[in-house]
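Chemist: Residue numbers (our numbering), protein chains in the order written: chain H, 1 to 633; chain D, 1 to 633. Even glycine gets a Cβ: it sits at the ideal position worked out from N, Cα and C. Only a predicted model underlies this, so the values are computations on that prediction, with no experimental measurement involved.
Written out as structure tokens, the structure reads:
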């Protein structure tokens, strides 16, 4: 131990340790980060007492080496002990990946990790974090997903799977992970298959009591918009670690799929079972009590936001040219609910076991045939308002295509909107949009441009208005009408990403306070606090939607902390939890600095500062020097 | 005057002035540049005494505003007085362009400037510098070209043309520049034309005693590999400001062509005519005496380098996979000379009046029909060895196509080699390469990918081995076998660019010293000195090839300095001239820093450090921390 203890708990202690990364010269920090230079290279360590260590020692890190095709289970190195989810993936990436390496080359790593509360019966705790250097942004990246994989890995005692090395050219493999049984085997028979067909083939071999992680054609082709699919409870590849092109990293490693067999797994050890049970109950009650998590999301899915954001004048329409879409009603959650009921689809479906929010559903076509899970709000927006399209059936089909090819719907909707601005198709042309997504799935040259993301579309077609930050496309909230989210887009360690600090909640829904969405004041502080809180939630493996009660109801927050304490035998305070989030952000930002990012990259594209957005006719006017204070903590 | 004088001359003084650029927050400098922070934002000013001022006042800056279609001749503002060429373009860009703006948006500017020795009868002094923020690299950019435009502008008393603002969509214009007569007029009739057809149409209107500057389809489409064509003495659009996509900036401004009519122009004023004449004579003698500028280049063109670089094991072959090409002899300068003589083409052609080197020629096909000027060495390499092609006729046709569409041959040859690595065509497929360049000229999706440059090809097709620095493709010298040029690629303010500091001269040709090309030692110092010297040569408007005698023969260097002193009535020393080059580099680097570039960007792609290059089996091993000292002056 080189540095002093930080948090003392009943059964253990959280330490701070210096990074073991020594592979590269550290660039001088920007002024704004000077004070954090030291902290940024320190990783959090929950150091457990001997009793807990014994139990924790059951947890392993799987090292999957694609160069020699070995799989080794190793004890969790001290510097990663007690980490989970995003904290784990970001620590491993920051520690082991040279920041300037090729993201699709031999020196990148792809990390999968369940959260700190994974493997318990805490509600909505089964998220899986996927991390690596992003082929899209060049930054560190964590994208997390629902589905069953996170919970299954935790039950198998796997703290992380680290995929490293580089395969022989044109070889594909699959990884089987069971209880103390790991196998890498050829998967060339899956070559060129979409995620749906991949899962069908794997089901025939491995049965239906497993979970699958896979890539479609986009990942095989190393497209920068490629996602990683995670199957839901019914083994549909509908949940995705979507953003930042991590599917391309998996493709570059030649890893087509992971099969997770939880059959001999068991629940994670818990230090104080009674206390955990009591806190978990309070947490569930909060989720069931808060109107967003018990009514809004449950009945209308995330698509409930269409009308809300349209009303707020922040629904980006036709490549961020307006904040209101005349066809909003036709693609809104209320309509989604209505036609789902009419067609006898499923309303209120949970993507993972233990979900009490159940924000998803099953979308059927007019003949009652399955099309896709309910498209998320951001997907409906990306292909709907942002492309001028008001046809929910077309949007659901495109959602299905994106899930099948393995593509981030946000990146792709933006890519096609930028292509529409270039005149490749007309805004509003739903059939044209379907043709374009088919081009991506066919790997045509036009498809390659689109699959490389919105920034490459802009470069290829000479388009000036390209809504990206750090090369990643903006999600479904215009930063001129909802300025808090603009701060998150600009400063997030991930590139433009709403989930990094969802200021929409406070700007628009008035959850956790009320900050005027149209004023620049207070947005940086709001985004900062949310980014810190989100890093915690992502590290615990909780679904981000728990943030609604956590931000609004003091006991929901306390229950969350109490569960961590009960599981690990700690006595963390709220401040300790905040410090955890801060440290995750700092190590991510440190990676990005070493990769060459500076405050000049923490900016929205020029046109958001110069073009007014109707109907509020606002520009994004949070001053640069305020943005540069975001990481002052 | 806010800062102390620097250089005192007979008739004037060179001042240092703080920048007038106040539009944007200055980012904190990297440590390595801390000491230069102040200097980097200071521009050089040759402040002339009253007599010379009166003469200099004849020189104007033309402000061409594409928003209101006005053209205004303004006196040279004090901070730009006495600058020329690259010094002028870089000062205006650094001073007036927000570093994080969209390069194809309203806030970028495109600057044309003749050099400080332009408009004189100094040999090879007619280069024209073109500057702006690069759509390819995002850095500041200066690309200079031969042809007649530079000399003509100087004779018209124009120190710079600054194209600014933004046109109405889909409108094209041409600019006429005569003696005190400037006119912007519609040019929609030129829309979609290549440079050859554009020039033919303009000749019909303006006659043959003018010079033309134009863009082809690539520039109109804002392709990041688009060049700006400058006509030679016979009004062929064969000379190009090639690198960095400045043709796309011209396209974004809606400016299809500039017509320069020198008919009422006159030679530039000279302070001490006798002294100038004497120095100019010594300078010519040196050019005529040095074997490279009087024999090698004259008889075989720049293509003489094929055999030399192949012999040195540094001729990048099949996308930088080998340093020797089995078909080198078939595309070498010796062969070019031979078939040119056989077909009765032209050997030894000068691209501008006053050229005594005459490194160009005229390439005819087998039927004796004009195909193109002699392709440069870098062009022959890009389409030849780098694509595995050994067919000079095909290469000359592609050269013609690139000149016509308006494309940088280095960027395009790399783009297609990367596409070949992706399997789009096979290495060695000359007909396939011709098909691909035709796709670019047709604006197909595949053509858009290629026209966006090698980095976008890599992103679109998921290729890991992409030879770019700051997104600009590497020229014709492998940095593993010629390590000095690798330092220049990595650190140049322009992205990978051999002309920024041509260490090949010293590494291979032993001009100006002898630094072992295979050893890392001494390369940083070599590149630093060459980058400084080149900034001077580019500022004076001299052809870079004068560097051979200037580096080898003390009197050639002295003659160059003497000409500047005689023209401006100064008494600059060698140290003063070095200081001028240093300051140009510093202001360029300062722009790049404000645009968000850091030392992490001053690196070669990973594979140059990990893959050995046959036949020497070397990697690029100049240490990062040595690279980071390059700007320590």
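Return the residue from the list 169/D, 130/D, 393/D and 366/D that minimises the CA-CA distance to residue 344/D.
Modeler: 366/D
Chemist: May I have the straight-line CA-CA distance separating residue 189/D from residue 219/D, to the nearest angstrom?
Modeler: Distance between the alpha carbons of residue 189/D and residue 219/D: 16 Å.
Chemist: Am I right that residue 239/D and residue 146/D are in contact with their C-beta atoms under 8 Å? What's the rounded C-beta distance?
Modeler: 5 Å
Chemist: From what residue to what residue does the beta strand (DSSP E) around residue 72/H run?
Modeler: 70–75
Chemist: Listing by chain order, which chain H residues have their CB less than 8 Å from the CB of residue 404/D?
Modeler: For residue 404/D, none of the residues of chain H pass the 8 Å Cβ criterion, the least Cβ distance being about 19 Å.
Chemist: Short of 7 Å Cβ to Cβ, which residues in the region 447–475 of chain D face chain H?
Modeler: 448, 449, 452, 456, 459, 460, 461, 462 and 464
Chemist: When you compare only the Cα positions, how much space is there between residue 319/H and residue 250/D?
Modeler: 25 Å
Chemist: One question on the structure: do residue 121/H and residue 280/H come within less than 8 Å of each other, judged by their Cβ atoms?
Modeler: Contact check for residue 121/H against residue 280/H passes: the beta carbons are separated by less than 8 Å.
Chemist: On the criterion of 16 or more Cβ atoms from any shown chain inside 10 Å, does residue 554/H qualify as buried, or is it exposed?
Modeler: Per the 10 Å Cβ criterion, exposed.
Chemist: Any residues in the region 217–239 of chain D with a beta carbon nearer than 7 Å to a beta carbon of chain H? Which ones, in chain order?
Modeler: 221, 222, 223 and 224
Chemist: With distance defined between alpha-carbon atoms, name the residue in 118/H, 212/H, 131/H and 379/H nearest to residue 476/H.
Modeler: 379/H
Chemist: Output needed in chain order: residues of the region 414–441 of chain H with a Cβ under 8 Å from some Cβ in chain D.
Modeler: none
Chemist: So which residues of chain H does residue 271/D contact, with C-beta pairs closer than 9 Å?
Modeler: Per Cβ cutoff of 9 Å: no residues; residue 271/D is ~43 Å from chain H at best.
Chemist: Name the two residues that bound the continuous alpha helix (DSSP H) containing residue 644/D.
Modeler: This structure cannot settle anything about residue 644/D, because the visible part of chain D is limited to 1 through 633.
Chemist: Should residue 102/H be flagged as near chain D, meaning a C-beta pair shorter than 8 Å?
Modeler: Interface flag for residue 102/H against chain D is set, since a Cβ pair is found closer than 8 Å.
Chemist: Report the residue ranges of all beta strand (DSSP E) runs contained in full by the region 319–385 of chain D; include only those spanning at least 3 residues, in chain order.
Modeler: 346–349, 360–364 and 370–373
Chemist: Would you please verify whether the beta carbon of residue 650/H is less than 8 Å from any beta carbon of chain D?
Modeler: Here chain H covers residues 1 to 633 and nothing more, so residue 650/H does not appear.
Chemist: Could you confirm whether any beta carbon from chain H is found closer than 8 Å to the beta carbon of residue 105/D?
Modeler: yes
Chemist: Would you say residue 445/D lies against chain H (beta-carbon separation less than 8 Å)?
Modeler: yes
Chemist: Apart from the five residues on each side of it in sequence, which residues of its chain come closer than 6 Å, Cβ to Cβ, to residue 451/D?
Modeler: 218, 223, 225 and 440
Chemist: Against chain D, which members of the region 136–164 of chain H pass a CB distance test of less than 7 Å?
Modeler: none
Chemist: Could you round the C-beta distance between residue 84/D and residue 541/D to whole angstroms and report it? I think they count as a contact, below 8 Å.
Modeler: 6 Å
Chemist: Is it the case that the region 123–130 of chain D contacts the region 530–544 of chain D, given that we only count it when at least three CB pairs across the two stretches are under 8 Å?
Modeler: Flag = yes, the region 530–544 of chain D and the region 123–130 of chain D touch.
Chemist: Could you name the residues of the same chain whose beta carbon sits closer than 6 Å to that of residue 31/D, not counting the 5 residues immediately before and after it, in chain order?
Modeler: Bear in mind that the predicted position of residue 31/D carries a pLDDT of just 26, short of 50, making it too unreliable to give a figure here.
Chemist: Does any CB atom of chain H fall closer than 8 Å to the CB of residue 318/D?
Modeler: no
Chemist: If we call anything under 8 Å between Cβ atoms a contact, is residue 552/D one with residue 511/D?
Modeler: yes
Chemist: Of the residues 610/H, 458/H and 258/H, which one's Cα is nearest the Cα of residue 182/H?
Modeler: 258/H
Chemist: Are three or more beta carbon pairs between the region 427–447 of chain H and the region 399–416 of chain H nearer than 8 Å?
Modeler: yes
Chemist: Buried or exposed, going by whether 16 or more other CB atoms sit within 10 Å of the CB of residue 473/D?
Modeler: So residue 473/D counts as buried.
Chemist: Let's see if you can read the secondary structure: which residues bound the beta strand (DSSP E) around residue 107/H?
Modeler: Neither: residue 107/H is in no beta strand (DSSP E) and is coded neither H nor E.
Chemist: Label residue 567/D either buried or exposed according to how many other C-beta atoms from any shown protein chain fall within 10 Å of its C-beta, with 16 as the threshold for buried.
Modeler: Buried, by the Cβ-count rule.
Chemist: Here's the rule I'm using: 16 or more other beta-carbon atoms within 10 Å means buried, otherwise exposed. How should residue 632/D be labelled?
Modeler: exposed
Chemist: DSSP on residue 120/D, reduced to helix/strand/coil?
Modeler: coil
Chemist: Tell me the start and end of each unbroken beta strand (DSSP E) in the region 529–564 of chain H that is at least 3 residues and wholly inside, in chain order.
Modeler: For the region 529–564 of chain H, there is no continuous beta strand (DSSP E) assignment of 3+ residues that stays within its boundaries.
Chemist: Who are the neighbours of residue 596/D on chain H, taking C-beta pairs under 7 Å?
Modeler: 598, 600 and 601
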